[in-house]
Structures are given as C-alpha cells and as structure tokens.
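Q:
Number of protein chains: 2
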Amino acid sequence: MALTNLSRRVALGIDIGGTNTKFGVVNHRGEVLEKGSLRTDEYKKIEDFIDALYLQVSPLIEKYGTVKNFDGIGLGVPNGNYYTGTVELAPNLPWKGVIPFAELMENKFGMECTITNDANAAALGEMLFGAARGMKDFIMITLGTGVGSGIVANGNVIYGHDGFAGELGHTIVKPGGRKHWSTGSEGSLEAYASATGIAITAKKMRAEFPSSMLNQYPEESINSKTVYECAIKEDPIAIEVFRYTGQKLGEALANFVMFSSPEAILLFGGVIQAGDFILKPAKLHMERNLLPIFRDKVRLVFSELPEADAAILGASALVWEQ
Amino acid sequence: MALTNLSRRVALGIDIGGTNTKFGVVNHRGEVLEKGSLRTDEYKKIEDFIDALYLQVSPLIEKYGTVKNFDGIGLGVPNGNYYTGTVELAPNLPWKGVIPFAELMENKFGMECTITNDANAAALGEMLFGAARGMKDFIMITLGTGVGSGIVANGNVIYGHDGFAGELGHTIVKPGGRKHWSTGSEGSLEAYASATGIAITAKKMRAEFPSSMLNQYPEESINSKTVYECAIKEDPIAIEVFRYTGQKLGEALANFVMFSSPEAILLFGGVIQAGDFILKPAKLHMERNLLPIFRDKVRLVFSELPEADAAILGASALVWEQ
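Chains as they are written, first to last, in my numbering: chain W, 1 to 322; chain R, 1 to 322.
Structural data, given as structure tokens:
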C-alpha cells in the first residue's frame with residue numbers, strides 16, 4: 001500500500017522564462033504526465049501572474065486528487081534564490097525588485113514551493129532523469145540566448161553563501177575582450193558562446209570576408225541557425241565562426257574543470273545544434289589548457305532530456321532533491 | 001569522564017613539503033602541543049622516509065600514552081588524493097609514480113591516516129581553527145613559490161570526481177600569456193601571482209626602466225621580498241610590479257567568485273607580506289569584473305593561523321573534519 005502510494009506521488013514543475021511559463025505534473029520516473037503553458041510577459045503584477053497560473057494549474061491538481069498527492073512545487077526562474085525563495089532583480093522578468101516568490105506560491109497553492117535559477121534546475125533534472133544519472137560531480141552549461149550554468153559537487157548543487165553560485169556565463173575568458181551588451185563586462189564567456197555572441201561573431205567575420213555565404217542573408221537573420229546552414233554547406237567562414245566559439249568555450253571549460261574536477265560537462269540549449277562544429281574545437285581547447293592530471297578524463301556530453309520537457313523536469317527535480 | 005577523555009584526545013598533523021616535513025600533536029582547540037621536523041629530500045625511498053618519520057614521532061606518541069589516545073593522522077602533501085590515499089606524480093617529491101601513502105602510514109603507525117593536498121589541508125585548518133571559523137563557503141588561495149587553492153562549499157572541501165579539484169593556480173587568466181616554467185601552459189594565475197611569477201615580472205619591468213631602484217640588486221636576489229623593500233621606499237616600478245600582480249590575481253578571483261559564490265577568499269603564504277600593495281589592486285579588479293549581484297559581498301582576508309603552525313594545524317584538521 002505504501003509503495004503504491006509512493007509510486008503515485010507527483011510534483012509540480014514550473015519553469016518561468018521572460019516570455020513563456022511552462023508547467024507540468026511529473027512523477028518519480030521523470031515522466032511528464034500533464035503539461036501546459038502561459039505567457040509570462042502579459043502580467044505586469046506578480047499577483048496577477050500567480051492568479052492566472054493557479055487558474056490553469058488547478059484542473060491538473062484536481063485530476064490527481066488533491067494537493068496532498070503532490071510532494072510540492074519546484075520552480076526554475078532566472079535569479080531565483082534557493083535559500084531565500086525570492087527572485088531578485090531579474091532583468092528579463094516583468095516584476096522588479098525582490099519578489100518573495102516561494103511564499104506567494106505557497107499561500108496560493110497550499111503546498112511547499114522550492115525555487116532555484118533555471119540552470120540549476122536543469123542540472124538537477126539531468127542528475128535525476130537525464131545524462132547525469134549516477135554522477136556526483138558534473139557541470140551543466142546551457143548555451144541559449146545567454147549562457148547559464150549549474151554546478152554539482154559531491155552530489156549537491158553548489159549554491160554558494162548567498163544562493164547565487166554558478167554564474168559561469170559571466171566569467172571572463174578574454175580580459176579586455178568583447179563588451180557584453182547588457183552587463184558591460186569585457187570578454188565574458190556569454191559574450192562569445194551564447195547565441196547572441198555567435199551572431200555578433202558571424203556579423204563581424206562576414207564583413208571581413210565578402211565571399212562568405214553568410215553575406216547572402218539580411219543582417220537581421222544572421223543567427224546560430226543560419227551560420228549552421230552555411231557551415232553544413234562548407235562555407236569556411238561559417239565554420240570558423242563556430243570554431244572560434246568552440247575555442248572560447250573550451251578555454252573556459254578548462255578553467256571550470258580545474259576548479260571542481262567534474263566527471264562530465266553537460267551541454268544543453270539551442271547552440272548545441274551546431275554539434276561537432278562547436279564540440280570538436282571546444283574539446284581540443286579544453287584539453288590543451290588543462291594540467292596533465294585532468295586530461296582525457298572529462299566527458300563533454302549533450303543533454304539527454306527532450307527539449308520540450310527539460311525545463312519542467314528540472315524544476316520538478318527540485319522537489320525530490322531535498 | 002567521557003568529556004574529560006574527549007578533551008584529552010589528540011591528532012597527529014603532518015605536512016610534507018619538497019624540502020622539509022613538519023609534524024605535530026594537535027588538540028581539539030587547535031593547539032600544537034608538540035612539534036618537530038625532518039628533511040624530506042634526504043630519503044630516496046619512501047619506506048626509509050616513513051621509518052625515519054616514525055622514529056621521530058613515536059616518542060611524542062608515547063608522551064600521550066598510546067596510539068589509542070590519537071584520533072588519527074592527517075597528512076597534507078602535494079598531489080595527495082583524499083579518495084585513494086595515494087600521492088600521485090608529485091613533481092617536487094623524491095618518490096616517483098603512485099605511492100599508497102595512507103596505507104604505508106597506517107601499517108607503520110597503527111592508526112588511521114587521511115590524506116589531502118597541502119592547500120586543501122590549509123583550507124580545513126582555517127575552517128576549524130582560523131579565519132574561516134563558522135564559514136561554509138570560502139576559497140583559500142596560497143600564494144607561495146606556487147599558487148595553490150582549497151575550495152569549501154556548503155561546509156565541505158570540494159575534491160571533485162577524482163580527488164584533484166581546486167587547482168586554481170593553473171586556471172588561465174590571460175590566454176596566450178606568460179608561459180609557465182614547468183607546466184608549459186600560457187597565462188596561468190601561477191605564472192603571475194606566485195613568488196616565482198612576481199620575480200619574473202620584476203626582472204622584466206626593471207629592464208624596461210633603468211631608473212628603478214630594483215636595478216640596484218643583483219639578478220639572483222630579485223624576489224618578492226626585494227620588490228617589497230623597494231615598494232616601501234616608494235619606487236614606482238616596484239609598486240607597479242605588485243599592482244600588476246594584484247590585477248591578475250583580482251581578475252582570477254572574480255571568476256572564482258562567480259563559480260562558487262564564497263563568503264570570503266582567504267589569502268595565505270609568503271606573497272601576502274606585500275600587503276596592500278597587492279591586496280588593493282586585487283580587490284579593485286575583482287570587484288570590477290564581478291556581476292553586480294556579487295559586488296561588495298566577498299571579503300578578501302589574510303589567514304589568521306601562525307605561519308609556523310598552519311601546515312600542521314591544517315593537516316590535523318583532516319582527522320576531525322571527517
């Protein structure tokens with residue numbers, strides 16, 4: 001009886017992005033049983049957003065009985081703080097200042113709510129349900145519009161003294177290098193290895209090489225997808241854009257490895273669709289910058305979670321990680 | 001009675017360096033009750049070294065009754081592996097290959113022996129007895145002939161999947177920069193912020209500026225101590241040597257902070273005798289390279305342990321950390 005009950009227990013996983021919010025009911029095996037979504041950016045007041053979320057989620061809760069069948073809510077959100085349950089100064093969310101997100105959710109839903117940032121949630125999802133199953137030491141790097149990271153050491157997510165650890169996208173890989181469009185820092189990993197950074201590199205390189213296929217596209221459609229299209233057609237400049245990106249990524253990864261000596265580095269996000277065009281130079285430059293004792297030990301692997309469910313799975317993993 | 005016994009319990013702390021080995025009997029309060037030392041480099045065979053160590057240490061053990069009064073041996077040694085108890089490929093020790101150090105010690109001494117590298121031991125010593133008391137998240141940087149590090153997150157030393165985590169001295173702070181005299185890597189922190197690196201910087205800068213006071217010394221006596229002598233006499237080139245060193249250190253520290261978000265960074269070792277000449281630029285460049293959420297939060301502090309005892313205290317802390 002107890003076992004049957006356990007196998008029926010579920011969690012609510014919620015991933016809040018600047019534009020969309022995804023939610024789902026997830027079981028212990030990492031199956032997304034139900035899911036849905038709503039716009040994040042339509043709600044200027046946090047209370048209105050939570051009301052709208054509750055309206056959409058409560059039919060799913062009823063389908064599984066009551067809140068008593070739920071082990072809790074796991075919520076991945078930019079600048080989400082695991083320790084305080086707050087969301088602090090998130091530049092891409094409509095709500096400003098410090099929001100007591102977990103508390104607001106608990107009051108509305110009547111169940112415990114655990115928060116962390118989206119990259120930490122992704123790392124937990126990989127550890128419970130994905131490519132990092134059984135690993136105690138790994139680093140998750142999300143390569144999307146920005147570059148996020150979640151670091152797991154000795155089986156635990158590293159949150160740091162204030163809950164903000166793991167901002168590897170903002171570490172400096174080239175002092176005095178490319179200025180970041182938002183933070184103003186010079187030479188951060190995100191400035192090179194994010195989709196935004198790749199587009200900048202591509203625009204610079206195509207201007208230098210008029211013969212590149214990349215010049216057949218209008219300015220606004222230069223992105224990692226169009227660079228990929230040219231790379232598979234063997235345009236040397238498009239290939240060089242990814243090689244350069246991979247080099248900067250690999251140099252950064254070497255530093256991360258010498259910090260926490262992970263068993264693997266997991267890569268996730270839209271940028272990894274460039275595959276070996278980025279992975280091979282990344283691996284090369286990572287190995288080249290490592291001390292010999294770290295060489296040929298760290299696996300560079302792609303996430304195994306289905307992209308559509310990964311964020312929900314990661315958020316739900318927060319509930320069961322505790 | 002039990003309490004009395006506890007208060008009398010002691011540990012053996014041993015710090016093995018390339019030239020000298022220091023050992024001591026330490027109690028729970030971090031008091032070094034007895035100590036001694038022997039040469040490391042006189043023993044070409046590891047068995048001979050352990051025999052000689054045992055000969056010197058056993059009178060101290062007898063003074064405290066028997067091995068039963070000891071909670072164990074903590075041993076800090078370059079390339080010491082916490083997981084396997086081995087010392088692997090240590091370039092500065094007389095014994096080559098992979099040495100089953102903990103096992104050899106246990107067989108000889110009849111008590112449990114725990115091993116880690118010297119920088120991790122230093123971090124543990126600070127956490128139990130020094131400036132990091134009560135901290136759960138901090139990074140220890142040792143600035144000596146080389147640059148070592150020990151990272152504590154959530155109250156635990158980060159060892160990584162293979163026991164080799166925390167080689168922050170070998171992270172690259174300037175891609176394509178100064179070639180390391182031993183590893184061959186280009187632009188590592190150690191190449192700039194170690195005593196060896198400072199001497200290189202000083203020799204370069206004094207050659208460029210014939211008016212510098214540094215030119216009054218013979219080549220072989222240019223080191224961080226003589227640079228300090230010139231800096232306190234307000235030689236602008238000597239001051240610039242430390243400023244540049246501090247800048248490189250600060251840039252590296254910013255990256256470390258964005259990795260594990262520590263409450264403090266502890267600095268230890270001969271180089272810190274340069275004080276504010278290095279600390280001020282280090283702080284400036286650390287803050288400048290941090291994301292706003294990390295700014296003005298991380299304390300940069302000097303070790304509080306007496307230098308003569310720090311290594312022994314750190315090693316003994318290994319016994320009680322478990």
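Glycine included, every Cβ here is placed at the ideal spot set by N, Cα and C.
#1: Just the C-alpha distance for N18(W) and N92(W), rounded to the nearest angstrom, thanks.
#2: If we call anything under 8 angstroms between Cβ atoms a contact, is D137(W) one with G160(R)?
#3: Just to confirm the assignment, what range does the beta strand (DSSP E) spanning M140(W) have?
#4: Quick check on this structure: which residue in E208(W), I50(W), L55(W) and S58(W) has the alpha carbon closest to the alpha carbon of I99(W)?
#5: If I follow the unbroken beta strand (DSSP E) through A165(W), where does it start and stop?
#6: Please name the residue or residues paired with D15(W) in a DSSP beta bridge.
#7: Which same chain residues, not among the five before or five after T86(W), have their C-beta less than 7 angstroms away from its C-beta?
#8: Would you call the CB atoms of V79(W) and N120(W) closer than 8 angstroms?
#9: Hey, could you find the ends of the alpha helix (DSSP H) T226(W) is sitting in?
#10: Shorter than 8 angstroms from the beta carbon of A165(R) to some beta carbon of chain A?
#11: Using the rule of at least 16 other Cβ atoms within 10 Å of the residue's Cβ for burial, across every protein chain shown, is A207(R) buried or exposed?
#12: Does the beta-carbon of K283(R) have 16 or more other beta-carbons within 10 angstroms, so that it is buried, or is it exposed?
#13: Using a C-beta to C-beta distance shorter than 8 angstroms, which residues of chain R count as neighbours of F101(W)?
#14: Is the shortest distance between the beta-carbon of M1(R) and the beta-carbons of chain W less than 8 angstroms?
#15: Below 8 angstroms on the Cβ atoms is my contact criterion, and I expect G150(W) with A123(W) to pass it. Report the Cβ-Cβ distance as a whole number of Å.
#16: Using a Cβ-Cβ distance cut-off of 8 angstroms, determine whether G160(R) contacts chain W.
#17: Quick one: list the residues of chain R neighbouring I293(W), beta-carbon separation under 9 angstroms, in chain order.
#18: Among K45(W), K44(W), F164(W) and K63(W), which one has its Cα closest to the Cα of K35(W)?
#19: Could you say which of A195(W), L75(W), E106(W) and E167(W) lies nearest to G269(W) if we only look at CA atoms?
#20: A254(W) and A132(W): beta carbons closer than 8 angstroms?
#21: According to the Cβ coordinates, are M111(R) and L75(R) closer than 8 angstroms?
#22: The beta strand (DSSP E) with A264(R) in it runs from where to where?
#23: Give a yes or no on whether 8 angstroms exceeds the smallest Cβ distance from T196(R) to chain W.
#24: Would you decide whether R178(R) is buried or exposed? Buried here means 16 or more other CB atoms lie within 10 Å of its CB.
#25: Of the residues that make up the segment 93-121 of chain W, which ones have a beta carbon closer than 8 angstroms to any beta carbon in chain R?
#26: With the cut-off set at 8 angstroms, would you say I14(R) and A315(R) are in Cβ contact?
#27: Any Cβ of chain W within less than 8 angstroms of the Cβ of P281(R)?
#28: Please identify the residue among L33(W), N81(W), N156(W) and H285(W) whose C-alpha is closest to the C-alpha of I115(W).
A: Put simply:
#1: Per the sequence shown, the amino acid found at residue 18(W) is Gly instead of Asn. Rounded to whole angstroms, G18(W) to N92(W) spans 5 angstroms at the Cα level.
#2: Result yes, Cβ atoms of D137(W) and G160(R) sit closer than 8 angstroms.
#3: F138 to L143 is the extent of the beta strand (DSSP E) around M140(W).
#4: Residue I50(W) is the option with its Cα nearest to I99(W).
#5: No beta strand (DSSP E) contains A165(W), which DSSP labels as neither H nor E.
#6: The secondary-structure analysis by DSSP pairs D15(W) across a beta bridge with K22(W) and G76(W).
#7: Within the same chain, T86(W) has close Cβ partners V98, I99, P100 and F101.
#8: According to the sequence shown, residue 79(W) is Asn rather than Val. At a Cβ-Cβ threshold of 8 angstroms, N79(W) and N120(W) do not count as neighbours.
#9: Here the alpha helix (DSSP H) through T226(W) covers S224 to I232.
#10: Checking the listed chains, one finds no chain A in this structure; the protein chains it contains are W and R.
#11: Counting the other Cβ atoms within 10 Å of the Cβ of A207(R) gives fewer than 16, which makes it exposed.
#12: Looking at its Cβ environment, which holds 16 or more other Cβ atoms inside 10 Å, K283(R) is buried.
#13: Contacts between F101(W) and chain R, judged by CB atoms closer than 8 angstroms, are missing: the closest CB pair is about 16 angstroms apart.
#14: Residue placement at M1(R) cannot be trusted, given a pLDDT of 36 that sits under 50; what the coordinates show is reported in the next sentence. Chain W contact via Cβ: absent.
#15: Going by Cβ atoms, the distance from G150(W) to A123(W) rounds to 3 angstroms, so yes, they are a contact pair.
#16: True, the Cβ-Cβ gap to chain W drops below 8 angstroms.
#17: Those within 9 angstroms of I293(W) in chain R are N79, E88, L89, D162, F164 and E167.
#18: Ranked by how close their Cα comes to the Cα of K35(W), the residues K45(W), K44(W), F164(W) and K63(W) have K63(W) in first place.
#19: Minimum Cα distance to G269(W) is reached at A195(W).
#20: Taking 8 angstroms as the Cβ cut-off, A254(W) and A132(W) do not qualify as a contacting pair.
#21: In this structure, the beta-carbon distance from M111(R) to L75(R) does not fall below 8 angstroms.
#22: Element bounds for A264(R): A264 to F268.
#23: Residue contact with chain W for T196(R): absent (no Cβ-Cβ distance below 8 angstroms to any residue of chain W).
#24: By the Cβ-count criterion, R178(R) is buried, with 16 or more other Cβ atoms from all chains shown falling within 10 Å of its own Cβ.
#25: Result list empty, no residue passes.
#26: Against a cut-off of 8 angstroms, the Cβ pair of A315(R) and I14(R) comes out as a contact.
#27: The beta carbon of P281(R) does not come within 8 angstroms of any beta carbon belonging to chain W, so the residue lies off that interface.
#28: That would be N81(W), whose Cα lies nearest to the Cα of I115(W).
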